[in-house]
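Those sequence lines, one after another, are chains A and B.
Residues in the first sequence are numbered from 1 upward in steps of one, following my numbering.
Residues in the second sequence are numbered from 1001 upward in steps of one, following my numbering.
C-beta: ideal position from N, C-alpha, C; glycine also.
These notes concern the structure reproduced below.
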Amino acid sequence: MPDLEPTVATTTKTGGRFFTRFTRQQRYMHAVLFTTFLGLAGTGLPLRFSESIWARGLARGVGGFGAILFFHKLCAVVLTIAFLIHLKEIFTRGIVHREMGVFWGSNSMVANWKDAKDLFGHLRWFVGLGPKPNFDRYAYWEKFDYWAVFWGMIVIGFSGYAMWFAPFFAHFLPGWALNAVLVIHSEEGLLAILFIFSIHFVNTHLRPDSFPMDMVVFTGVESEEEFKLKRPLEYERLKREGKLEGRLGEAPQTWLINFSRVVGTIAIVIGLTLLVLTLTAYFS
Amino acid sequence: MGKAAGVRRILQEPLASRAKMFMRSGILVAGLAGLLLMFAAGRLNAQSECLACHGDQTMQDANGHSIAVDGKTFGESIHGSLQCNDCHTNIKEYPHPEQVAKVECKSCHADEAKGLAGSVHADSAEHPCTSCHGNAHTIFPKADSRSAVYPLNVPKTCGNCHGTEGMAKKHGLASVYPLYVDSIHGFALSNEGLLVAANCQSCHGSHHILSHTNPESPTYKTNIPKTCGSCHAKINDDYEMGIHGKAVAAGNLKAPVCTDCHTAHAILQPTEAAFRMQSTPICGSCHKDQLSTYRDTFHSQLGSLGGYVETARCWDCHGAHQILPASDPHSPINKANLVTTCGKCHAGANLSFVQYQPHANAHDRKLNPALYFVRLFMNVLLIGTLAFFLIHTILWLIRARYNQIKKKSTDGGKDA
């Protein structure tokens, strides 16, 4: 719908250029991740806090006691498939195509010395002891988010499947491990829920620079102004190397922005609700 | 009354002297026949004489109470063969005195009266015979469906008092009738018309009802297994061999009897969801530590979500009536039987699988060291990560907002 573009352009402050940050596949991956994550949290929390007053109500809301496990497992399977697709992607790019940028460099998710310096620089800036660090394509907290999910996928996934297929896993796990998997699953799940619904929400979406939500993960593009402000190093590097134009993207269409706002708001509201429920159950 | 005794005397006399007075036997037989005829005629006369007035169904005494008698129903009733003044003894002739003597059932029913005298219903003013047996002129044998104490009618009869709030307030007794009606016994009785289903008197007795605090009572704690066992014989045998039964027999009154787990009146079908939901806390009211560790397991977590009843409850693993310690080779939780016991739900359960501890305590370092350290690690990870990022993010928020306000104020103070 090219006729809509001028309308969109006037809605942005600069009316200027947009640059691609996430590919379509990455955006879909995030959508699958947060949808299944909300599903897993919504069906897992009533189990974790089954003694609390809201657990039974929530279980009933999902469709009763039988449905709650079904949906939990369904979301788990979908998320597992998404994770496997992601692993295959890394394998193809990094191992088959020898794209070394996957494993190190400014486009990689792997942490480096600059991330450690950025973390301390950022902390110093928080308390007014130094200048604000300039971030590259992926800042240290974004890399942490990524690896937290990566580690969580393995830990929660493995412990979950160990419970689902306990008699099978018992062939090669010791007896106490069958007890441990529930502790691991619920504690790690709780950590993931508390982290995503408080830290990730604020770091990525609710902080003043992005408030009320960072649309880039939904639309895939961000304005030139935002790009320069948030990731000055990447911007300058691309400009220097003359690759900036190659990253030019189309301005997001109105329907996509509105759709993303609705979906994002729903996700954030559900997340914050679950966060409040978790905290009330934890401290009561 | 007088005539009945007279007949008996006459009957006894010739029997005692029949050897001596053989010759007079013919006369005696004739005389006896005559007397019997007179007796029968007199009885009919007496009833019909009284009914000449009291047959009027609108007849009332000075206080407005009905003093009418339905002669037809009375004739069919268990007392239908008696004369009116067999019970109303001070009425000899007509017109009869204004004040009629109180009818004393015990003059015939001495055993019942004796039983009642020592019972919780001993106060005869509050509990006259008629309060259970109904209108004195329409009493039927208890095998007759018209009887107030016919098995299918007993709960309703008792419920007249034991189903009201007034009763609860006055005597501190629970209103048990509604509980009973919804119970498995009440259901069998009222819905299926099962005559053998336990009604009130199956457990409490009828006339000599004693408080459950009285060691003589069939509802006294130690007598309950026998009382329930009078129908549930096999279960009672199992119970007596189990650890609870042995403890009760040894005088440990803390050990549960049937009613502690099943309740006394609101007894549910044990496979019913409601019972499966309520059974665990009952066991846990004594076995507190075991309940607490059970609560930490998936069995409990899923099981607590109302209605999901398939997950293991205490007695799915421990057995219900013949509960035996794990050391007993017959116990379902004996090591040798675990594969079978767990296998009831977990198809494919093997020796390694049954090492799972359904009562593991992740806070007990000595008992479950591996689990203890796993939990500790996970807790440190959770608290550490959250604490660091919480501080990090709160500081960031403050700093970012501060910068934003400063920047906007230099822009001319807009939105500052």
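Name the residue from C1050/B, S1066/B, M1059/B whose alpha carbon lies nearest to the alpha carbon of H1088/B.
-> C1050/B
Within 7 Å of chain A by C-beta, residues of the region 1400-1411 of chain B in sequence order = A1400, R1401, Q1404
Does the distance from the CB of G1242/B to the CB of H1321/B come in under 8 Å?
-> yes
Tell me, which residues are paired with L248/A by DSSP?
-> Under DSSP, L248/A takes part in a beta bridge, and its partners are F19/A.
Taking only runs of the alpha helix (DSSP H) that begin and end inside the region 1220-1271 of chain B, which ones reach a length of at least 4 residues, in chain order?
-> 1224-1229, 1233-1241, 1243-1249, 1258-1262
Buried versus exposed, by CB contacts within 10 Å (16 or more), T36/A = buried
Answer with yes or no whether the minimum CB distance from F70/A to chain B is below 8 Å.
-> no
Identify whether E1216/B lies in helix, strand or coil by the three-state DSSP scheme.
-> coil
W1396/B versus chain A: which residues are under 7 Å apart at the beta carbon?
-> F126, R207
V1257/B versus A1250/B, H1244/B, I1267/B, residue with shortest Cα-Cα distance = H1244/B
For the region 41-57 of chain A, which residues have a beta carbon sitting closer than 8 Å to at least one beta carbon of chain B?
-> P46, L47, R48, S50, E51, A55, R56
Under 6 Å Cβ to Cβ from V1069/B, same chain only, skipping five residues before and after it: list those, please.
-> H1054, H1137
What does F195/A reach in chain B if we use C-beta pairs closer than 8 Å?
-> T1385, L1386, F1389
Specify the secondary structure class of Q1057/B as computed by DSSP and reduced to three states.
-> Reduced to three states, the DSSP call for Q1057/B is coil.
On a CA-only basis, which of R237/A, K114/A, F165/A, M215/A is nearest L178/A? Give me that one, please.
-> The shortest Cα separation from L178/A among R237/A, K114/A, F165/A, M215/A belongs to F165/A.
Is the number of C-beta pairs between the region 225-237 of chain A and the region 127-140 of chain A that are closer than 8 Å three or more?
-> In this structure the region 225-237 of chain A lies against the region 127-140 of chain A, because at least three pairs of beta carbons, one per stretch, are closer than 8 Å.
Opposing strand residues paired with E222/A [DSSP bridges] = F19/A
T1297/B: contacting residues in chain A (beta-carbon distance under 9 Å) | The answer, in chain order, is N179, L182.
Would the region 41-54 of chain A and the region 63-82 of chain A be scored as touching if the rule is three or more Cβ pairs under 8 Å?
-> yes
Any C-beta of chain A under 8 Å from that of M1277/B | Output row for M1277/B: interface = no.
Do we get a CB-CB distance below 8 Å when we pair G189/A with the residues of chain B?
-> no
Which class does S1124/B belong to by DSSP, given the choice of helix, strand or coil?
-> coil
Counted within 10 angstroms of its Cβ, other Cβ atoms place C1286/B as buried (16 or more) or exposed | It is exposed - the Cβ of C1286/B has fewer than 16 other Cβ atoms within 10 Å.
4 or more residues per run - each alpha helix (DSSP H) lying fully within the region 145-224 of chain A = 166-169, 175-194, 216-219
Is the region 201-216 of chain A in contact with the region 259-267 of chain A, if contact means three or more CB pairs nearer than 8 Å?
-> yes
Counted within 10 angstroms of its Cβ, other Cβ atoms place V1380/B as buried (16 or more) or exposed = exposed
Ignoring anything shorter than 4 residues or poking outside the region 1349-1414 of chain B, list the alpha helix (DSSP H) runs there in chain order.
-> 1369-1410
What does S1066/B pair with, by DSSP beta-bridge criteria?
-> Paired residue(s): Q1060/B.
Please check if any C-beta of chain A sits within less than 8 Å of the C-beta of A1416/B.
-> For A1416/B, the predicted structure reports a pLDDT of 32, less than 50, and the residue's modelled location is therefore unreliable. A value from the coordinates is still provided. Not one chain A Cβ lies under 8 Å of A1416/B.
Say whether the region 1182-1196 of chain B touches the region 1163-1173 of chain B, bearing in mind that this needs 3 or more beta-carbon pairs closer than 8 Å, one atom from each stretch.
-> no
Using three-state DSSP, classify D1316/B as helix, strand or coil.
-> D1316/B falls in the helix class under three-state DSSP.
Residues from the region 1358-1370 of chain B in contact with chain A, defined by Cβ distance under 8 Å | A1360, A1362, N1368, A1370
Under 7 Å between beta-carbons, which chain B residues line up against K170/A? List them in chain order, please.
-> The sequence given here places Ala at residue 170/A; Lys does not occur at that position. Residues of chain B with a Cβ closer than 7 Å to the Cβ of A170/A are, in chain order, N1350, S1352, F1353.
Interface flag, V202/A vs chain B, CB-CB below 8 Å = yes
Can you tell me whether DSSP reads V1103/B as helix, strand or coil?
-> coil
By DSSP, does T273/A sit in helix, in strand, or in coil?
-> helix
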